[in-house]
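Engineer: Starting off with a structure, shown below.
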Amino acid sequence: MEYTLGQSIFERIWVSAPSSTEAADGLGPLFNARSCVACHPAGARPQSLVDEKGVVPSLLMRLGLADGGPDPVYGVQLQNEGVAGVPAEGRVVLAFEAHEARLADGSGIELRKPVAAMEALAYGPLSPETKTGLRIGPAIHGIGPLDRIANDDILAGADPDDKDGDGISGRPAWLDQEQTKLGRFGWKAVQPDMINQNAHAFMADLGLSTELFPDPQGECTTGQAACRAAPSGASPQYENLEVSPLLMTVLDRFVAEAVLPAHGPQPPADPAMVARGKKVFAAAGCQACHRESYEVTWPVEAKAPRRISPYSDLLLHDMGPGLAEFLPEGAALGVEWRTAPLWGLRWALDAKGEGALLHDGRARTLQEAILWHGGEAQAARDHVAGLSSDERAALVTFLSNL
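In terms of the working numbering, the sequence shown opens at residue 425 and continues consecutively.
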């Protein structure tokens, strides 16, 4: 029952306050989407950056200063929608820069990078010190088990000083000086657990208040007078919040247990090809960061641990200049990214093997995503670029069946 109720909240279309349905009002006043599912279609990630309406809701523009603080007027995220009487902050428009990556066999693959601009900024210019970064909404499947991985298991893989000399120096994303909060969720590992991840999304993406983020005006700053003065959906019967603790509990339950169907849009793969691809994956050194498995107690009420295979060490890594940006987040520098879990890749791709991969959706295929790797992953990337076409096809088959 809780799971079903949680799914209904995930799919709920929120409305602005005041509304006759107090349990579903409080949207905004500034927001990016009207529902969770708008950014996470069917719980998965979008398969393109633009559609017939323009830039998809899943693609967000993050903002921040070099010291990690927010833009003084626009906060930590550009909201492209506003309720009646509250101007939207602006809109994101995309262009693309392209170059060709050459492979050892002489073939080439076009790599493209989205270059975003902001138009119609309603509250004046950004601070001259503000940095920007695009983020695409990830799939929600697997969040529950990842939340159960012990900190010690993550820390066991850290080697920030590269003492073993393998060129891989993943480091933990500590979110406090006391090193009690370890970041594990988000492209930069900025949230310590699933509950914070979900509550922050309600605040930043939908402008809805929760126990963890109780301001009913969402991310509105003091420089946005109409937003601060707009009606809220906070009401005494819901503990003066727009999303009550009870609603958050069932929403968290749904997100924690969300899984995708066993088979993706692509036709079934040859098991021998998948097995060969897994060997190629290991030979390239990809598992140095994309750690295959952990033992966790999951579901929470389970009596014995089980093995999960997310293919991530959940650590921060320098991914090189090709993926670098100037916006720091949490403990991560602009050049650092949390190792993205690979499980569920079969649902990030369509029947043709195409999607919107990496943190900003720039990579249309798995081969493109691999070729964008640099920094600590440069050796693995170069290994893949040197493979035969048959070996690369096997690797892609393995990854697209995770």
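Where a beta carbon is used, it is the ideal one built from N, C-alpha and C, also for glycine.
What's the gap between the Cα of GLU635 and the Cα of ALA699?
Structural biologist: Their backbone Cα atoms lie some 46 Å apart in a straight line.
Engineer: What first and last residue would you give for the beta strand (DSSP E) that runs through PRO538?
Structural biologist: 532-543 is the span of the beta strand (DSSP E), which, as asked, contains PRO538.
Engineer: So who's on the other strand from LYS555, going by DSSP bridges?
Structural biologist: In the DSSP output, where bridge partners are listed per residue, LYS555 has GLY488.
Engineer: Just the C-alpha distance for PRO375 and VAL500, rounded to the nearest angstrom, thanks.
Structural biologist: Because residue 375 is not part of the residues shown, which for the chain are 425 to 826, the question remains open.
Engineer: Contact defined as beta carbons within less than 8 Å: I believe ALA441 pairs with PRO655. What is the distance between those atoms, to the nearest angstrom?
Structural biologist: ALA441 to PRO655, Cβ: 5 Å. Contact.
Engineer: Tell me the DSSP secondary structure of PHE626 in three-state form.
Structural biologist: Helix at PHE626.
Engineer: Taking Cβ positions, are PHE434 and PHE626 nearer each other than 8 Å?
Structural biologist: No; because the gap between Cβ atoms is not below 8 Å, this pair is not in contact.
Engineer: On a CA-only basis, which of THR428, ALA447 and GLY452 is nearest ALA653? Give me that one, please.
Structural biologist: If we check each option's Cα against that of ALA653, GLY452 comes out closest.
Engineer: Return the chain-ordered list of same chain residues with a C-beta closer than 7 Å to the C-beta of ALA544, the five sequence neighbours on each side being excluded.
Structural biologist: The residues are GLY514 and ARG515.
Engineer: In this structure, does DSSP put GLU753 in helix, strand or coil?
Structural biologist: Residue state, collapsed to three classes: strand.
Engineer: Can the beta-carbon of ILE578 be found less than 8 Å from the beta-carbon of PRO596?
Structural biologist: In this structure, PRO596 lies closer than 8 Å to ILE578 by Cβ.
Engineer: Is the region 566-584 in contact with the region 712-732, if contact means three or more CB pairs nearer than 8 Å?
Structural biologist: With the cut-off at 8 Å, the region 566-584 and the region 712-732 touch.
Engineer: Could you name the residues that DSSP lists as bridge partners for VAL516?
Structural biologist: Bridge partners of VAL516: MET542.
Engineer: Got a sec: is the Cβ-Cβ distance from GLU435 to anything in chain C below 8 Å?
Structural biologist: This model lacks chain C altogether; it includes just one protein chain.
Engineer: Alpha carbon to alpha carbon, what distance is there between ALA696 and ALA804?
Structural biologist: Distance between the alpha carbons of ALA804 and ALA696: 23 Å.
Engineer: Does the separation of the CB atoms of GLY798 and PRO745 fall below 8 Å?
Structural biologist: The answer is yes: Cβ separation under 8 Å.
Engineer: For MET743, is the classification buried or exposed, using 16 other Cβ atoms within 10 angstroms of its Cβ as the cut-off for buried?
Structural biologist: So MET743 counts as buried.
Engineer: Using DSSP with H/G/I as helix, E/B as strand and the rest coil, what is TYR498?
Structural biologist: In this structure, TYR498 counts as coil in the three-state DSSP scheme.
Engineer: Would you tell me roughly how many angstroms separate the C-alpha atoms of GLY768 and ALA756, rounded to the nearest one?
Structural biologist: Rounded to whole angstroms, GLY768 to ALA756 spans 25 Å at the Cα level.
Engineer: Taking Cβ to Cβ, would you say PRO538 is nearer than 8 Å to LEU473?
Structural biologist: Taking 8 Å as the Cβ cut-off, PRO538 and LEU473 qualify as a contacting pair.
Engineer: Taking the alpha helix (DSSP H) that HIS807 falls in, what are its first and last residues?
Structural biologist: First-last of the alpha helix (DSSP H) with HIS807: 802-809.
Engineer: For SER736 versus ALA764, is the C-beta spacing smaller than 8 Å?
Structural biologist: Against a cut-off of 8 Å, the Cβ pair of ALA764 and SER736 comes out as a contact.
Engineer: Are the CB atoms of VAL820 and ALA708 nearer to each other than 8 Å?
Structural biologist: For VAL820 and ALA708, no; Cβs fall outside 8 Å.
Engineer: What residue does the alpha helix (DSSP H) around GLU426 start on, and which one ends it?
Structural biologist: Note, GLU426: alpha helix (DSSP H), 426-435.
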